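Asks:
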Amino acid sequence: MGERKKIVTIPGDGIGPEIVREARKVLDKVCEKYGHTFHYEDILMGGCSIDAYGVPLTEEALATAKAADAVLLGAVGGIVGRDSWYELPPNLRPEAGLLAIRKGLGLFANLRPAKLYSELKEACPLREASADAGFDLVVVRELTGGLYFGDRKTEEVDGVLTATDTLVYNENEIRRIAVKAFETARKRRKKVTSVDKANVLDSSRLWRKVTAEVAKDYPDVELSDMLVDNCAMQLVKDPSQFDVILTENMFGDILSDEASMITGSIGMLPSASLAEGSFGLYEPSHGAAPDIAGKNLANPLATILSAAMLLRYSFDMDAEADAVEAAVAQVLKEGYRTGDIFSEGCTKVSCSEMGDLVCERI
Ligand code: IPM
Ligand code: MG
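Heads up: the sequence shown is residues 669 to 1030, going by the working numbering.
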């Protein structure tokens, strides 16, 4: 018996609309094959919402997203210096929409897998030995606390311009993201590396304490702590040592970019931002790539793989998610590539052709 679900889609800016179109195509194919019915509703977020309403996310759009079973996002943002969006105050720029939807939907857990596809090994910028060893890790990033959401201000103190950003975590915020990391590790290789700056920051010392407490409930999962500067080094030295990297918002922002870069194919990486329960927002790890927007050149695979994560985490449809991931792997194996991951001897395809190829293999 098929299921009925409501998905809110946020095409956004740049290549967003084209990649979301391909992911929807794939979801429709899943519906056809498995007898489900997905209803879609588009909302505006980012630059396109600023153009239409003067703000990057309206209250109505947020309410629409809240009422859905899951949200699929393309990308938001433009180019500083080119797009007039960046002449607005920071809280009205495209990226502010992203922060508002994360907070508004309670998306505290950001899962960013970074794995090296053996077919795309040549793109890995690390030494050959590291590429041959391969890696498959996931950054579990806290997404609604820390520096991103603490009080900030810029003021004049004794005639000197002074800016303040505050980094706050309470034990409950740390506990719930730690639980997510341990649950994630349980379904993988059962290893959590908790990353912090406990040699300097109080928030990190609390992070370590709470994480160690949570670990007691997961005796089957191995926990180790690592300082963030060391983690940045270890990622380029030997990424195969990592399974789940658990970390706070700002460190997770930086380390997840590093982790995606070493795969050499950021156009392939999906992500999930999860709330309590099964609700989540799914988006590619890459940005809006305004330079290639509207040219049917973008790689839709990260968005298609994000749709697979949506099926798995929000709809509990493991077989359907497996089918999408297998179809993507098959297309790569057959040598089809968009421009960003193209190499000699492969067949170059457009964004929409890539979507069709995946659909045909589901
Ligand atoms: C990300 C992005 C955002 C972040 C920006 C656009 C606000 O870099 O999703 O990693 O820092 O969280
Ligand atoms: Mg980032």
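For each residue, glycine too, the CB sits at the ideal point set by N, CA and C.
Here the structure is a predicted model, which is why all the values come from computation and not from measurement.
1) Going by DSSP, name the residue or residues bridged to Asn778.
2) Report all residues from its chain with a CB closer than 6 Å to the CB of Pro968; omit the five preceding and five following residues, and keep chain order.
3) According to the Cβ coordinates, are Val744 and Ala956 closer than 8 Å?
4) Contact defined as beta carbons within less than 8 Å: I believe Leu741 pairs with Leu942. What is the distance between those atoms, to the nearest angstrom?
5) Please report how far the alpha carbon of Gly818 lies from the alpha carbon of Asn759, in whole angstroms.
6) Is Asp681 near the ligand MG, in the sense that its beta carbon is under 7 Å from a heavy atom of that ligand?
7) Which whole runs of the alpha helix (DSSP H) in the segment 966-998 are 4 residues long or more, in chain order?
8) According to DSSP, what are the bridge partners of Ile913?
9) Does Asp826 come out as helix, strand or coil in the three-state DSSP assignment?
10) For Ala883 versus Leu891, is the C-beta distance shorter than 8 Å?
11) Does the Cβ of Asp800 lie closer than 7 Å to at least one heavy atom of the ligand IPM?
12) Would you kindly work out how many angstroms separate the C-alpha atoms of Gly920 and Pro781, rounded to a whole number?
13) Short of 6 Å in beta carbon distance, which residues of its chain neighbour Tyr1004, apart from the five on each side in sequence? Order them along the chain.
14) On the three-state DSSP scale, how would you describe Ala831?
15) Distance check for Tyr837 and Asn964, CA to CA, integer angstroms please.
16) Alpha carbon to alpha carbon, what distance is there between Val996 and Glu1012?
17) By how many angstroms is the C-alpha of Arg1029 removed from the C-alpha of Lys734?
18) Thinking just about the alpha-carbon of each residue, which of Val748, Asp893 and Gly935 is nearest to the one in Thr1006?
19) Which of the three DSSP states is assigned to Ile675 in this structure?
20) Using a threshold of 7 Å, is the CB atom of Glu926 nearer than that to any non-hydrogen atom of the ligand IPM?
21) Determine the contact status of Leu979 and Val999, defining contact as a CB-CB distance below 8 Å.
22) Going by DSSP, what residue range makes up the beta strand (DSSP E) through Ser946?
23) Whose beta carbon lies closer than 5 Å to any heavy atom of the ligand IPM, going through the chain in order?
Replies: The answer reads as follows:
1) Here residue 778 is taken as the residue at index 110 of the sequence shown, counted from 1. Beta-bridge pairing links Asn778 to Arg809 and Ser941.
2) Residue numbering aside, residue 968 sits at position 300 when the sequence shown is read from its first letter. Contacts found: Ile687, Glu690, Cys1019, Met1022 and Gly1023.
3) Position 76 of the sequence shown, counting from 1, holds the residue named residue 744. Position 288 of the sequence shown, counting from 1, holds the residue named residue 956. Result yes, Cβ atoms of Val744 and Ala956 sit closer than 8 Å.
4) Walking along the sequence shown from the start, residue 741 turns up at place 73. Walking along the sequence shown from the start, residue 942 turns up at place 274. The beta-carbon distance between Leu741 and Leu942, rounded to whole angstroms, is 13 Å. This is too long to meet the 8 Å contact definition.
5) Start at 1 with the first residue of the sequence shown, and residue 818 comes out as number 150. Start at 1 with the first residue of the sequence shown, and residue 759 comes out as number 91. When rounded, the distance between both Cα atoms is 14 Å.
6) Position 13 of the sequence shown holds residue 681. Incorrect: Asp681 has no Cβ contact closer than 7 Å to the ligand MG.
7) DSSP runs (the alpha helix (DSSP H)) wholly in the segment 966-998: 969-981.
8) One-based indexing of the sequence shown puts residue 913 at position 245. Secondary-structure assignment with DSSP links Ile913 through a beta bridge to Val807 and Thr861.
9) Taking the sequence shown and counting its residues from 1, the one referred to as residue 826 is at position 158. Asp826 falls in the coil class under three-state DSSP.
10) Here residue 883 is taken as the residue at index 215 of the sequence shown, counted from 1. Here residue 891 is taken as the residue at index 223 of the sequence shown, counted from 1. A Cβ-Cβ contact shorter than 8 Å links Ala883 with Leu891.
11) For the purposes of this step, residue 800 is taken as the residue at position 132 of the sequence shown. For the ligand IPM, no non-hydrogen atom lies closer than 7 Å to the CB of Asp800.
12) For this step, residue 920 is matched to residue 252 along the sequence shown. For this step, residue 781 is matched to residue 113 along the sequence shown. So the alpha carbons of these two residues sit roughly 12 Å apart.
13) Within the sequence shown, the letter at position 336 stands for residue 1004. If we look at Tyr1004 and ignore the five residues flanking it on each side, its Cβ neighbours are Thr1015, Val1017 and Leu1025.
14) In the sequence shown, counting from the first residue as 1, residue 831 sits at position 163. Looking at Ala831 - three-state DSSP - the assignment turns out to be strand.
15) On the sequence shown, residue 964 is found 296 positions in, with the first residue counted as 1. On the sequence shown, residue 837 is found 169 positions in, with the first residue counted as 1. Their backbone Cα atoms lie some 43 Å apart in a straight line.
16) Residue numbering aside, residue 1012 sits at position 344 when the sequence shown is read from its first letter. Residue numbering aside, residue 996 sits at position 328 when the sequence shown is read from its first letter. Distance between the alpha carbons of Glu1012 and Val996 is about 20 Å.
17) Translated into the one-based positions of the sequence shown, residue 734 becomes position 66. Translated into the one-based positions of the sequence shown, residue 1029 becomes position 361. Answer to the nearest angstrom: the Cα atoms are 32 Å apart.
18) Locating residue 1006 in the sequence shown gives position 338, where the first residue counts as 1. Here the closest residue by C-alpha is Gly935.
19) Here residue 675 is taken as the residue at index 7 of the sequence shown, counted from 1. Strand.
20) As a first step, residue 926 must be located in the sequence shown, where it is residue number 258. Result no, Cβ not under 7 Å from the ligand IPM.
21) Reading the sequence shown from its first residue, position 311 is the one you call residue 979. Reading the sequence shown from its first residue, position 331 is the one you call residue 999. Not closer than 8 Å, so no.
22) On the sequence shown, position 278 is the one that residue 946 refers to. Boundaries for Ser946: no beta strand (DSSP E) harbours it, and the DSSP string shows neither H nor E there.
23) One residue list follows from the rule of a beta carbon closer than 5 Å to any heavy atom of the ligand IPM, given in chain order as Glu763 and Asp921.
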